[in-house]
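Per the working numbering: the sequence shown = residues 51 to 1049. Notes to accompany the following structure.
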Amino acid sequence: MPRSATTLTDLARVGFARLGWAGEELRALASEAELGLDELLPAFSLAADPDLALNGVKRMLQRAPSIMMEALHDPIARQRVIRVFGASEGLTDFFARHPEQLPVLGTPTLELLDEEGAKRELLASVGAVDGFSTVLGEDAWTALRIRYRVLLALVTAYDLEQSNPVAGIDTIARALADLAAGALEASLAVARSQVSTKGHGLWYFPLDDVRATRFAIIGMGKAGAAELNYVSDVDVIFVAEGSTTPEKELPTSTAVEIGTRLAMVTMRGIGETGLEPGLWEVDPNLRPEGKAGALVRSLESHAAYYDRWAKNWEFQALLKARPLAGDAALGEDYTRLVAPKVWSSASRENFVESVQRMRERVTEHIKPDDVEYQLKLGPGGLRDIEFTVQLLQLVHGQVDESVRQRGTLPALAALAEGGYIGRVESVEFAQDYRILRLLEHRMQLRHLSRTHLMPRDEAEQRVLARGSGLATSADELIARWTDIKVRVRNLHERLFYRPLLAAVAALSPDEQALTSAQAEARLAAIGFQNPAGALAHIAAMTSGVSRRAAIQRTLLPVMLQWFANGPDPDYGLLAFRRLSDTLGESYWFLRMLRDSSGAAARLTQVLSGSRFVGELLERIPEAAAWLENDEELRPRGMAVLEDETRAIVARHDTPDAAAMALRTLRRREVLRLAIASILGIVTVEELGRGLTDITTVHLEGTLSVIRQSAALVNGDGIEFAIIGMGRYGGGELGFGSDADVLYVYRPVRVDKPTAQSVAQFIVNELVRLTEDARLPLDLDIDLRPEGKNGPAVRSLDSYAAYYERWSLTWEAQALLRANGVAGDRALIESFHALADTVRYPRAISETEIREVKRIKARVEKERLPQGADPARHLKLGRGSLSDVEWYVQLLQLQHAAQLPALRTTSTLAALSAAEDASLINHDDARKLHDAWIFASRARSAMTLWTNKTSDVLPADRRQLEGVARLMEYPPGSATQLEEDYLGVTRRARTVFERLFYGV
51 MPRSATTLTD LARVGFARLG WAGEELRALA SEAELGLDEL LPAFSLAADP
101 DLALNGVKRM LQRAPSIMME ALHDPIARQR VIRVFGASEG LTDFFARHPE
151 QLPVLGTPTL ELLDEEGAKR ELLASVGAVD GFSTVLGEDA WTALRIRYRV
201 LLALVTAYDL EQSNPVAGID TIARALADLA AGALEASLAV ARSQVSTKGH
251 GLWYFPLDDV RATRFAIIGM GKAGAAELNY VSDVDVIFVA EGSTTPEKEL
301 PTSTAVEIGT RLAMVTMRGI GETGLEPGLW EVDPNLRPEG KAGALVRSLE
351 SHAAYYDRWA KNWEFQALLK ARPLAGDAAL GEDYTRLVAP KVWSSASREN
401 FVESVQRMRE RVTEHIKPDD VEYQLKLGPG GLRDIEFTVQ LLQLVHGQVD
451 ESVRQRGTLP ALAALAEGGY IGRVESVEFA QDYRILRLLE HRMQLRHLSR
501 THLMPRDEAE QRVLARGSGL ATSADELIAR WTDIKVRVRN LHERLFYRPL
551 LAAVAALSPD EQALTSAQAE ARLAAIGFQN PAGALAHIAA MTSGVSRRAA
601 IQRTLLPVML QWFANGPDPD YGLLAFRRLS DTLGESYWFL RMLRDSSGAA
651 ARLTQVLSGS RFVGELLERI PEAAAWLEND EELRPRGMAV LEDETRAIVA
701 RHDTPDAAAM ALRTLRRREV LRLAIASILG IVTVEELGRG LTDITTVHLE
751 GTLSVIRQSA ALVNGDGIEF AIIGMGRYGG GELGFGSDAD VLYVYRPVRV
801 DKPTAQSVAQ FIVNELVRLT EDARLPLDLD IDLRPEGKNG PAVRSLDSYA
851 AYYERWSLTW EAQALLRANG VAGDRALIES FHALADTVRY PRAISETEIR
901 EVKRIKARVE KERLPQGADP ARHLKLGRGS LSDVEWYVQL LQLQHAAQLP
951 ALRTTSTLAA LSAAEDASLI NHDDARKLHD AWIFASRARS AMTLWTNKTS
1001 DVLPADRRQL EGVARLMEYP PGSATQLEED YLGVTRRART VFERLFYGV
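Given below as structure tokens:
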């Protein structure tokens, strides 16, 4: 071969790294074997590491030239040998020790042995007859290990020739588990012969006793799940029983003693150092009491331990238990014994939390330098997938036998089929699991050593990329692995830590059975007033074989408990059914409830606690998506709302169409605030600001479309503005609050009569277009000059004339909350300037102060509804909103002209400014503040609870309980709420009477 750039390029393209060395060795090999380079290079191009493969061929030519030459001249054997040598230095070492075994790789058609075939082959290697080997000692172990490695080489060759090794990982893992079962069976046959033959080992037992000993090896972990690696500890549990047959009666105690010796010799035959190196470690440490426990136990001893002493993790481990070797019937007895304990273990106290914590401990124990490279134990590794799947199995397998699978991949498929995880998540998890397992296999195959660490060396990473077929370079492989880790970790955290798991685990089997005969009684017992109706809703949502029904069957047992924790479970379930009927076919809805961190619990909380939210959600069901993200429930900023409002106005051609879209916007944002309020995400101050903002943009948008449509070209000839009054002007709206407003205009290009007509038209259209039967918006103009007898809209000059000539003290007091909210900014500023002359007088006379106090006393006497308890009225009652607001407003009338900080429309801001100015001491201010906050919260809570506006704290215990729960009181707090309200308002009233009336 000429040493040209082209030749070196060809070698590099094949995958060689040591180009000069490879060129020389290939020329020598071609010459010695009398083969052309065009025959050799294609074979080496198939190797994960062509340099390693070439070196292996060279070693074999030195060790057994005729055997190697024969393989090189057979096209099938040539490709297969080079592939195996390029993938596994460990197998190359094996064939170098035993070159006579190499021809097996020339088998024309490779077929994988099943468990029965593997046992037959390996038992034959030790000459086993009826479970006893005819070969003993080191000869037996050597024969067994050589035959095992020959079979392993055939599995490897089959694996490397797969066109899609990712898809084939299940088959290879099963074949490796079958080989392990065969090796254990053969080693056990040797052990039986050795312990029953004098002179072979430390122990001897009569042949009949050994034959009568029923002894089984139970596979655990990956061996039990039939998903074994190339090199892995094989986790086992040993069980022994005596026998009572006509030929022989053997006590169980003797059988356990013999079984213990059999277990020890069996393990020695597999893993002890010898002429042929050991295969792998047989690990019995998952047995009862671990390393401190007896190596072999009887069935009764196992049962006693699991009933009394076993920890949660032991049941998780037993999930994969299956008979591997020995007495198959005894092995099946063992699995039947432990299965009920495994599948009821999730109901143990704090089971889910303990499994979650155990996974965290596994990660914590990784060496810091290894975390980034851990394929198995690190974040986003195999353990994340396995722990997630096992936890889901143990929780849902309590009642659903279909998910009781040993293998990770079959379990994933069953969980998806049952609706416990999404199909997309199942497919992603399964594909990522297969890829990680393939990487693990190729890494272990390299040196036939147990490793789970991604190589740090770039050259080794390149070999892994080629050997797995997952990438063409080291960088590409690491990038793909990194993506998998992120995806796996995210999905693990979403599924593994979802609160639904712990809640399902805590249910008894009866509680999970939705249609049992006792269902009505259970529903009544947990708080449903109409259990028959509730059962009908449940049946409607869970009947059938659809995926939606399957997921609902998972969700509802837990959600029923959560509904029952709310004040009105019957309405909550009804509202959930309506929502499910609307969204049940939407993938995201059921996925969110099943998988998100708390969305299902939140939904039950808002539906069982608020008819206001339930009825709005019927109209805006997609809002349920907000429940899994706190940021989605935060009040949207004014700028964002204004942008959306402008967009709505711009894309609609008629006022009615735009107004409909604006009403939808208002409903949506009020619903957002309602849910946030129930969940404690917003304070009452944030709620007031949020409701004010959405009311304002609604009015701004509606006003804009009215004026644009009425005068498309030159405008309507006037300036027009809406002035917020009362709680609206103060930015302190609650649910159910009226929007107190004034309307003002100023002629610009038209005469006064025309201006009045245009302004009245605008007002009429505002009332019409903002009318909403679903979420009423009452634009209350009763605070206008002359009250109900005055015109609905006035010019600025008319307001000025009225306030100059006729204004009463109460009107100056009302103007303290006046704040322009929509319309022409210049007119708003002019109105503010006019209002300032009235509401912030340079001085207020004693007569006017007495008038304020007189009107307050009259309001308490005349405006309180007939029969209403003044101690329970949230707005006009003693120590309630009215007391706080009137006192603060009196301070503003007296001092705002001299103290600019008091010139605010907000009650709480003015109270704070008064305290800062030493007009009220801190203790008194705090009592008034607390009363105002409490009454405001209770007023909104009553609207949320009943979907009706009311200002009287209910006396009915059930209604009061509903309000209490919305105010974040624990269950059964109706009386506590009542006592707290009466106490806080009593203290506020004492302060009010002293400071306002001077008593």
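For glycine and all other residues, C-beta sits at the position ideal for the given N, C-alpha and C.
To the nearest whole angstrom, what separates the beta carbons of residue i and residue j, a pair I think is in contact under 8 Å?
i	j	result
A724	V791	23 Å between Cβ atoms; not a contact.
A146	A98	Incorrect: roughly 19 Å between the Cβ atoms, too far for contact.
P42	A947	Outside the shown range of the chain (51 to 1049) lies residue 42, about which nothing can therefore be said.
V107	L87	With 8 Å as the limit, V107 and L87 do not qualify as a contact, their Cβ atoms being about 14 Å apart.
V656	L691	About 22 Å separates the two Cβ atoms, so there is no contact after all.
R1039	R928	4 Å
E782	S956	7 Å
R398	N362	6 Å
Q494	V281	5 Å
F288	L345	6 Å
G381	A266	4 Å
L514	L141	With 8 Å as the limit, L514 and L141 do not qualify as a contact, their Cβ atoms being about 17 Å apart.
How far does the alpha helix (DSSP H) with residue i in it extend, from its first residue to its last?
i	result
R603	R597 to N615
F135	P125 to A137
I196	G187 to L210
D693	M688 to R701
V29	In the structure as shown, the chain begins at 51 and stops at 1049. Residue 29 is therefore absent and cannot be evaluated.
Q439	Note that residue 439 is Val in the sequence shown, not Gln. Counting along the chain, the alpha helix (DSSP H) containing V439 begins and ends at L432 to H446.
M253	The sequence given here places Trp at residue 253; Met does not occur at that position. Segment: none, W253 is in no alpha helix (DSSP H) and carries neither H nor E.
I576	A569 to I576
H979	H972 to T996
R500	Looking at the DSSP string, R500 is not in any alpha helix (DSSP H), and its letter there is neither H nor E.
G622	P619 to L633
L1003	That residue, L1003, is in no alpha helix (DSSP H); it is neither H nor E in DSSP.
Leaving out five residues before and five after residue i in sequence, what residues of the same chain have Cβ atoms less than 7 Å from its Cβ?
i	result
P52	Any reading at P52 needs caution, since the residue's pLDDT is 39, under 50, leaving its predicted position unreliable; the model's value is listed next. Excluding positions up to five away in sequence, the list is empty.
I768	Y795, R796, P797, V798, V800, A805, V808 and A809
Starting from residue i, trace the beta strand (DSSP E) both ways and give me its first and last residue.
i	result
E374	Inspection of the sequence shows that residue 374 is occupied by Leu rather than by Glu. Looking at the DSSP string, the run of the beta strand (DSSP E) that includes L374 is R372 to G376.
R844	V843 to S845
G269	R264 to G269
A217	A217 -> no beta strand (DSSP E), and no H or E assigned at all.
D285	V284 to E291
Cutting at 8 Å between CB atoms, please list the residues of its own chain near residue i, excluding the five before and the five after it.
i	result
T56	For T56, the predicted structure reports a pLDDT of 42, less than 50, and the residue's modelled location is therefore unreliable. A value from the coordinates is still provided. Around T56: no qualifying Cβ.
T159	none
E277	D220, A223, R224, A227, G457, T458, L459 and R487
A761	G767
Got a sec? Which residues, its chain only, sit under 6 Å from residue i by beta carbon, not counting five neighbours each side?
i	result
H446	V453 and Y470
D974	V1041
R251	The amino acid at residue 251 is misidentified as Arg; the sequence shows Gly. Q244.
S658	F613, G616, D618, P619 and G622
L941	A964 and L969
**Request:** Please go through the stretch 752 to 794 and give each complete alpha helix (DSSP H) segment of 4 or more residues, from N-terminal end onward.
**Result:** 776 to 779
**Request:** Entirely within the stretch 330 to 388 and at least 3 residues each: give me those beta strand (DSSP E) ranges in chain order.
**Result:** 372 to 376
**Request:** Answer yes if the stretch 969 to 988 comes into contact with the stretch 1034 to 1046, meaning at least three C-beta pairs across the two stretches below 8 Å, and no otherwise.
**Result:** yes
**Prompt:** How do the stretch 627 to 634 and the stretch 462 to 476 stand: do at least 3 beta-carbon pairs fall below 8 Å, yes or no?
**Reply:** no
**Request:** Ignoring anything shorter than 4 residues or poking outside the stretch 839 to 882, list the alpha helix (DSSP H) runs there in chain order.
**Result:** 846 to 855 and 859 to 865
**Request:** Specify whether the stretch 192 to 203 and the stretch 225 to 242 touch according to this definition: at least 3 beta carbon pairs, one from each stretch, less than 8 Å apart.
**Result:** yes
**Message:** Taking 8 Å as the cut-off, does the stretch 401 to 409 touch the stretch 434 to 443 (at least 3 CB pairs, one atom from each stretch)?
**Reply:** yes
**Message:** Count Cβ pairs between the stretch 876 to 893 and the stretch 911 to 927 that sit closer than 8 Å; are there 3 or more?
**Reply:** no
**Asked** Would you call the stretch 314 to 333 and the stretch 349 to 356 touching, i.e. three or more CB-CB distances under 8 Å?
**Response** no
**Message:** Does the contact criterion of 3 or more C-beta pairs under 8 Å hold for the stretch 671 to 684 versus the stretch 638 to 657?
**Reply:** yes
**Asked** For the stretch 574 to 585 against the stretch 611 to 626, are there 3 or more C-beta pairs whose distance is under 8 Å?
**Response** yes
**Request:** Could you tell me whether the stretch 691 to 711 touches the stretch 934 to 949, where touching means 3 or more Cβ pairs closer than 8 Å?
**Result:** no
**Item:** Touching by the beta-carbon criterion (3+ pairs, under 8 Å), the stretch 183 to 193 and the stretch 252 to 259
**Value:** no
**Asked** Can you list the alpha helix (DSSP H) stretches of 4 or more residues lying completely in the stretch 657 to 685, in chain order?
**Response** 661 to 669 and 680 to 683
**Request:** Run through the stretch 74 to 123 for me and flag every whole beta strand (DSSP E) of 3 or more residues, listed as ranges in chain order.
**Result:** none
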